[in-house]
Amino acid sequence: SSEEDSDEPAWHIPPDLCLSALDRLLPALVDRGVPGGGEFLVAPLVREARTAQLIALLVWHGFLPMAQPRSGVLLPKIHRRRCVLRPEAVHVGKRARKAAKAYHLSVGAAWPEVVAGIQAHTFTSRRGDCWLSDDLAALYAAVNALPPIRRRGGVTFHSVELWHTATGELAAGEVGYTCGSVYTSCTGFALKETHPGAGTVQLTALGRWLARSGFRLWDL
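If you count the sequence shown from 1, position 175 lands on 175 in UniProt numbering, and the numbers rise without skipping.
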């Protein structure tokens with residue numbers, strides 16, 4: 001089942017709870033678990049500064065900010081298990097190395113195009129149910145415009161693009177965020193039919209870029 005349609009217990013963030021109080025509460029939720037044994041928190045998905053501030057705060061405490069667009073809710077998730085590796089440990093196989101010659105990577109060059117690609121090609125159970133809604137993507141971008149005091153750890157959202165050099169086509173991409181020396185992948189897409197293997201090339205190239213840029217951990 002998908003995260004978006006999950007029926008597991010979720011803890012609703014009280015709407016009248018100030019962010020400073022939530023900041024003090026979140027470490028206990030991370031250490032002891034979400035009440036009821038679930039992995040999700042719930043808050044209104046509203047395009048306003050407070051929601052962007054909430055997302056930045058949740059990222060700092062280790063939550064992945066997702067959404068349930070049909071219900072208009074923000075679904076921050078604290079994964080019980082995570083796939084974390086050091087970027088320099090990413091193995092580049094012979095097939096990926098050969099395929100990579102046809103592509104080049106960029107970071108932060110085409111946010112709208114990457115979001116559109118994810119929405120068109122990535123879904124959980126049926127086409128069109130992508131959790132990266134227009135509202136959530138706009139709030140991700142709004143986080144980057146917050147003052148530094150609201151972005152502990154320098155929380156910043158990024159788009160990653162893999163371009164087919166000969167045609168200029170966006171063959172794969174993802175949205176993720178940085179917090180300190182950690183990069184977290186949120187969700188992505190690849191044009192598997194027209195560019196087989198592009199997803200693998202994008203991930204391996206991103207791993208190399210993260211290592212060269214000094215990032216110490218990659219949360220996949």
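Cβ atoms here follow ideal geometry from the backbone N, Cα and C, with glycine treated the same way.
Integer-rounded CB distance, given that residue j should sit under 8 Å from residue i
{"i": "Q68", "j": "W131", "result": "7 Å"}
{"i": "H158", "j": "G214", "result": "Going by Cβ atoms, the distance from H158 to G214 rounds to 15 Å, so no, they are not a contact pair."}
{"i": "A102", "j": "T165", "result": "6 Å"}
{"i": "A211", "j": "E88", "result": "4 Å"}
{"i": "W11", "j": "L41", "result": "5 Å"}
{"i": "R86", "j": "R216", "result": "7 Å"}
{"i": "L146", "j": "A205", "result": "29 Å between Cβ atoms; not a contact."}
{"i": "I78", "j": "E39", "result": "6 Å"}
{"i": "P9", "j": "G33", "result": "With 8 Å as the limit, P9 and G33 do not qualify as a contact, their Cβ atoms being about 10 Å apart."}
Coil, strand or helix - residue i by DSSP
{"i": "G92", "result": "According to the sequence shown, residue 92 is Val rather than Gly. Looking at V92 - three-state DSSP - the assignment turns out to be coil, as it is neither helix nor strand."}
{"i": "L41", "result": "strand"}
{"i": "G207", "result": "helix"}
{"i": "T200", "result": "helix"}
{"i": "L58", "result": "helix"}
{"i": "A145", "result": "coil"}
{"i": "D23", "result": "helix"}
{"i": "L136", "result": "helix"}
{"i": "H12", "result": "strand"}
{"i": "H195", "result": "coil"}
{"i": "G117", "result": "helix"}
{"i": "S213", "result": "coil"}
Other residues of its chain near residue i: CB distance less than 7 Å, five sequence neighbours each side excluded
{"i": "G128", "result": "none"}
{"i": "D23", "result": "L57"}
In DSSP terms, what residue i is bridged to
{"i": "C179", "result": "V182"}
{"i": "residue 260", "result": "With the chain running from 1 to 220 in the structure shown, residue 260 is simply not present."}
{"i": "W163", "result": "H104, L170"}
{"i": "W111", "result": "Bridge partners of W111: none, in fact."}
{"i": "K77", "result": "F40, L64"}
{"i": "G188", "result": "E174"}
{"i": "residue 280", "result": "The structure shown does not extend to residue 280, since the chain spans only 1 to 220, so no value can be given for it."}
{"i": "T156", "result": "T178"}
Same chain, Cβ closer than 6 Å to residue i, neighbours up to 5 away in sequence not counted
{"i": "R152", "result": "W60"}
{"i": "A172", "result": "L162, A190, A198, G199, Q202"}
{"i": "L74", "result": "A43, L45, A67"}
{"i": "P65", "result": "I55, L58, P76"}
{"i": "E169", "result": "none"}
{"i": "L220", "result": "C83, S185"}
Nearest neighbour of residue i, chosen from the options [CA to CA]
{"i": "A141", "options": "G117, T165, V175, H121", "result": "V175"}
{"i": "V143", "options": "W209, L57, L19, A21", "result": "L57"}
{"i": "R95", "options": "D219, L22, P196", "result": "P196"}
{"i": "A137", "options": "G117, I149, G154", "result": "G117"}
{"i": "F63", "options": "G36, A109, C186", "result": "C186"}
{"i": "L19", "options": "E39, A49, V114, R80", "result": "A49"}
{"i": "T178", "options": "S71, W218, P147", "result": "W218"}
{"i": "G188", "options": "S71, A99, H121", "result": "H121"}
{"i": "S181", "options": "T156, V160, C83", "result": "T156"}
{"i": "V160", "options": "L105, L139, R97", "result": "L105"}
{"i": "S71", "options": "T194, L139, D135", "result": "D135"}
Residues near residue i by beta carbon distance below 8 Å, same chain, minus five either side
{"i": "P148", "result": "G154"}
{"i": "F123", "result": "D129, C130"}
{"i": "residue 254", "result": "Examination of residue 254 is not possible in this model, given that the chain is present from 1 through 220 alone."}
is_contact[residue i, chain B] using C-beta, thresh 8 Å
{"i": "C179", "result": "Absence of chain B from the displayed structure is noted, only one protein chain being present."}
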